[in-house]
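What follows is a single structure, written as structure tokens, with notes after it.
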Amino acid sequence: MKNNKIVIYIGILVVGVLLGWLLFGGSSKKDTEHNHDAVAETNQLWTCSMHPQIMQPESGDCPICGMDLIPADGGSDGLLADQFKLTENAMALANIQTSIVGKGNVEGNTIKLSGKIAENEEANAVQVSYFAGRIERLNVSFTGEEVRKSQLLATIYSPELYAAQQELITAASLKESQPALYKAVRNKLKLWKLSDNQINQIEETGKVKENFPVYATVSGTVTEKLVEQGDYIKQGQPLLKIANLNTVWGNFDVYENQIDRFKKGQEVMITTNAYPNKEFKGKVDFIDPVLNNKTRTVTLRVVLNNKDDVFKPGMFVTANIEGNTAKNDEVLTIPASAVMWTGERSVVYLKTNPDQPIFEMVEIKLGNQIGNEYEVVEGIFAGNEIVTNGTFTVDAAAQLQGKKSMMNKEGGKVMTGHEGHLGMDNNASNKESDHTNMNERLKVSAKFQEQLKAVFNAYINLKDALVKEDSKSTSANATTLLNKLNKVDMKLLSDNKAHNHWMSLEGEIKSSATSISETSDIKSQRDHFKHLSSHLINAVQLFGINEKVYVEFCPMSDNNNGAYWLSKEEKVINPYFGEAMLTCGEVKQVIE
1 MKNNKIVIYI GILVVGVLLG WLLFGGSSKK DTEHNHDAVA ETNQLWTCSM
51 HPQIMQPESG DCPICGMDLI PADGGSDGLL ADQFKLTENA MALANIQTSI
101 VGKGNVEGNT IKLSGKIAEN EEANAVQVSY FAGRIERLNV SFTGEEVRKS
151 QLLATIYSPE LYAAQQELIT AASLKESQPA LYKAVRNKLK LWKLSDNQIN
201 QIEETGKVKE NFPVYATVSG TVTEKLVEQG DYIKQGQPLL KIANLNTVWG
251 NFDVYENQID RFKKGQEVMI TTNAYPNKEF KGKVDFIDPV LNNKTRTVTL
301 RVVLNNKDDV FKPGMFVTAN IEGNTAKNDE VLTIPASAVM WTGERSVVYL
351 KTNPDQPIFE MVEIKLGNQI GNEYEVVEGI FAGNEIVTNG TFTVDAAAQL
401 QGKKSMMNKE GGKVMTGHEG HLGMDNNASN KESDHTNMNE RLKVSAKFQE
451 QLKAVFNAYI NLKDALVKED SKSTSANATT LLNKLNKVDM KLLSDNKAHN
501 HWMSLEGEIK SSATSISETS DIKSQRDHFK HLSSHLINAV QLFGINEKVY
551 VEFCPMSDNN NGAYWLSKEE KVINPYFGEA MLTCGEVKQV IE
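Under full-length UniProt numbering, read the sequence shown as residues 1 to 592, first letter to last.
Following this line, the structure appears as structure tokens:
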């Protein structure tokens, strides 16, 4: 009986072990497999079907359009810290294109310069009065009036001249006995520019003239009236400025790193928006030997024939000049569209794998700009593959994936929408979140910041005109921006670093604003506005304007390449689409 109980217990134990293995052994394997899948899912990236440049580590809503995110194809396994991958869908939608970097001969390539028409100072004249008196009558009514040589300009009453005429009449009666006195009196009147006929007439009639005429000594256009009728004037005082506009000067700014590419006598082709289908030929007549310390440029001058009155002083013009190179060496060149420029550094996006859309930001050092290309001094090599179209979209993807980018040179997770400042890591402290890490703020005087703020305010007016799709107002505001830019005093920047940054930024801002002011095509204005915004963003970040400024971004602008702009308000009002897509975009950064 006792043995039977032992057998029963052993049987129950065996059955229990067997049931336990059946019940829990398989599930343990299943759990292991399930946990493996869970780990795999943690590496899954999520994207938006409408905005495939969005890459998030977890599911949620698209920060641009609010649609549900979907799983992205593939993962980022095997990528280096600064590399990131785009989907084939994103590449296709954004029309991202790449090119192989190669060497080329820059000799003979066209260099484009912006400039202004000015009066030919060699043909200018100042009409003066050779005697003191009161202007009884001024025959020139307005500036811009045409005058001819020997034309009556004014009539002047002169007490001194009145007395000198009386002396002449008295001396004429004594010319036989005192010929020296007579000759001296006549010469005195000649010094006051009275002609022999006028002097003889006074002598013969014996009558003194109260009012004397002033005749034009040259032909031309009155550019400035310096007196009004009834004014008392001194001997030698200027009355009018007269310009002969049969020839005019085209003055162009050449940056110091371009000086060696130009020489006197080079042929120049001039174009202007006033005559879009015409080209005017000229030659380099003068290159200023003195560098302008404020703009870091020299003036290149072209003398232009203007007998048909084509050019007006103050008109913006563009010069296309075949660049002269000091040596005939091959240089590394890349398209200008590939370069993203922050003022502090220039960057391109390198495609690191020829078979996969894997990219990495690379800082480069640029040489001269020649036409639509830049010389590259260092950073990339012949044979590298770089992004040449859709660069802004690639940059936006880098930011959203927390990689190094133009606006976030240190890398780290970017906060989207209105959550915070661009370029800040999620683990940043509260103190650090008050600043961006794109560029170190440079210490400059409050006066310089005020002058920069005036440029910024003009930019805002320009942006608002683009929102309204008012090309005429856009052009006018671009001209105002240029005027404000010219009033920024570089001498206020005592620090060399700040000085060099502003020197570079000012030239780019000026070039973009000039291009906007010279065209009435709204699409072209928006293209140039993208570049203007990029450079002004960096200026505001580097120097500050003592005002909160929002940096906003639309990934669909510029044919889905993406574009930034500045705003005074958090609300997104898109200048690239107007009413068509007025609220497309998001805040990317807040500059305090």
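We put the CB at the ideal spot given by N, CA and C, even for glycine.
Since we're looking at a predicted model, the values are computed, not measured.
message = Classify Asp-253: buried if its beta carbon has 16 or more other beta carbons within 10 angstroms, exposed otherwise.
response = By the C-beta density criterion, Asp-253 is buried, having at least 16 other C-beta atoms within 10 angstroms.
message = Can you find the residues in the same chain that come closer than 7 Å, C-beta to C-beta, to Tyr-215, ignoring five residues on each side of it along the sequence?
response = Ser-150, Gln-151, Leu-152, Leu-153
ask   = When DSSP labels each residue in this structure, what does Leu-174 get in the three-state scheme?
value = It is coil, neither helix nor strand.
task = Ignoring anything shorter than 3 residues or poking outside the segment 274-309, list the beta strand (DSSP E) runs there in chain order.
result = 280-287, 297-305
task = Look at the Cβ atom of Pro-354, then the Cβ atom of Thr-388, and state whether they are nearer than 9 Å.
result = no
ask   = Does the beta-carbon of Tyr-349 have 16 or more other beta-carbons within 10 angstroms, so that it is buried, or is it exposed?
value = By the beta-carbon neighbour count (other beta carbons within 10 angstroms, threshold 16), Tyr-349 is buried.
message = Assuming the contact rule is C-beta atoms closer than 8 Å, Val-302 and Gly-250 should be a hit. Round their C-beta distance to whole Å, please.
response = 4 Å
ask   = To the nearest angstrom, how far is it from the Cα of Leu-80 to the Cα of Ala-398?
value = 13 Å
task = Output the distance between the C-alpha atoms of Ile-111 and Glu-279, rounded to the nearest integer angstrom.
result = 16 Å
message = Starting from Ala-118, trace the beta strand (DSSP E) in both directions and tell me its first and last residue.
response = 110-119
task = Check whether the Cβ atoms of His-501 and Leu-542 sit closer than 9 Å, and answer yes or no.
result = yes
inquiry  = Rounded to the nearest angstrom, what separates Glu-363 and Ser-219 at their Cα positions?
reply    = 58 Å
query = Can you list the beta strand (DSSP E) stretches of 3 or more residues lying completely in the UniProt domain "CusB-like barrel-sandwich hybrid" (131-243), in chain order?
reply = 133-138, 152-157, 211-215, 220-225, 238-243
query = From Ile-460, Asn-574, Ala-476, pick the residue whose C-alpha is nearest to that of Cys-554; which is it?
reply = Asn-574
ask   = At a cut of 8 Å, does the segment 92-100 reach the segment 188-204 through at least three beta carbon pairs?
value = These segments do not touch.
key: Whole-angstrom distance between Asp-395 and Ile-358, CA atom to CA atom   = For the pair Ile-358 and Asp-395, the Cα-to-Cα distance works out to about 13 Å.
request  = Determine the closest residue to Leu-582 out of Gln-589, Thr-247, Tyr-162, Val-572, with distance taken between C-alpha atoms.
outcome  = Val-572
task = Helix, strand or coil for Val-394, going by three-state DSSP, please let me know.
result = helix
ask   = Quick one, are the C-beta atoms of Ser-475 and Gln-525 less than 9 Å apart?
value = Cβ atoms of Ser-475 and Gln-525: closer than 9 Å.
task = For the alpha helix (DSSP H) containing Met-67, list its first residue and its last residue.
result = Counting along the chain, Met-67 falls outside any alpha helix (DSSP H), and DSSP gives it neither H nor E.
message = So, for Ile-199: in the same chain, excluding its five sequence neighbours on each side, which residues have a beta-carbon less than 8 Å away from its beta-carbon?
response = Result list for Ile-199: Leu-168, Arg-186, Leu-189, Lys-190, in chain order.
request  = Quick one: give me the first and last residue of the alpha helix (DSSP H) that Phe-529 is part of.
outcome  = 522-543
Sufficient close CB pairs (3 or more, under 8 Å) joining the segment 262-279 to the segment 303-319 = yes
query = How is Thr-416 classed by DSSP in three states: helix, strand or coil?
reply = Residue placement at Thr-416 is flagged as unreliable, the pLDDT there being 36, under the threshold of 50; a coordinate-derived value is accordingly withheld.
query = Under the rule that 16 or more other beta-carbon atoms within 10 Å means buried, what is Gly-423, buried or exposed?
reply = Per-residue confidence for Gly-423 stands at a pLDDT of 34, beneath the threshold of 50, marking its modelled position as unreliable; no derived number is given.
ask   = Going by the C-beta, is Leu-79 closer than 8 Å to any heavy atom of the ligand MN?
value = As for the ligand MN, it is missing from this structure, which has no ligand bound.
request  = Give the straight-line distance between the Cα atoms of Met-406 and Lys-307, rounded to the nearest whole angstrom.
outcome  = 50 Å
message = What would DSSP say about Lys-472, mapped onto helix, strand or coil?
response = helix
task = Could you spell out where the alpha helix (DSSP H) holding Glu-450 opens and where it closes?
result = 446-467
request  = Rank Thr-221, Lys-263, Phe-262, Asp-260 by C-alpha distance to the C-alpha of Leu-245 and give the top, closest one.
outcome  = Minimum Cα distance to Leu-245 is reached at Thr-221.
key: Same chain, Cβ closer than 6 Å to Asn-461, neighbours up to 5 away in sequence not counted   = Taken in chain order, the residues that qualify are Asn-477.
task = Apply the 10 Å Cβ neighbour rule to Pro-63 and answer buried if 16 or more other Cβ atoms are within range, or exposed otherwise.
result = buried
ask   = Are there three or more Cβ pairs, one per stretch, closer than 8 Å when the segment 138-147 is compared with the segment 161-178?
value = no
query = Helix, strand or coil for Met-406 per DSSP?
reply = coil
ask   = Thinking C-alpha only, which one of Ile-70, Lys-241, Phe-456 is nearest Glu-145?
value = Lys-241
request  = Would you identify the three-state DSSP class for Asn-105, choosing helix, strand or coil?
outcome  = At Asn-105 the pLDDT is 48, less than 50, meaning the model places this residue with poor confidence; the figure from the coordinates comes in the next sentence. Strand, per DSSP.
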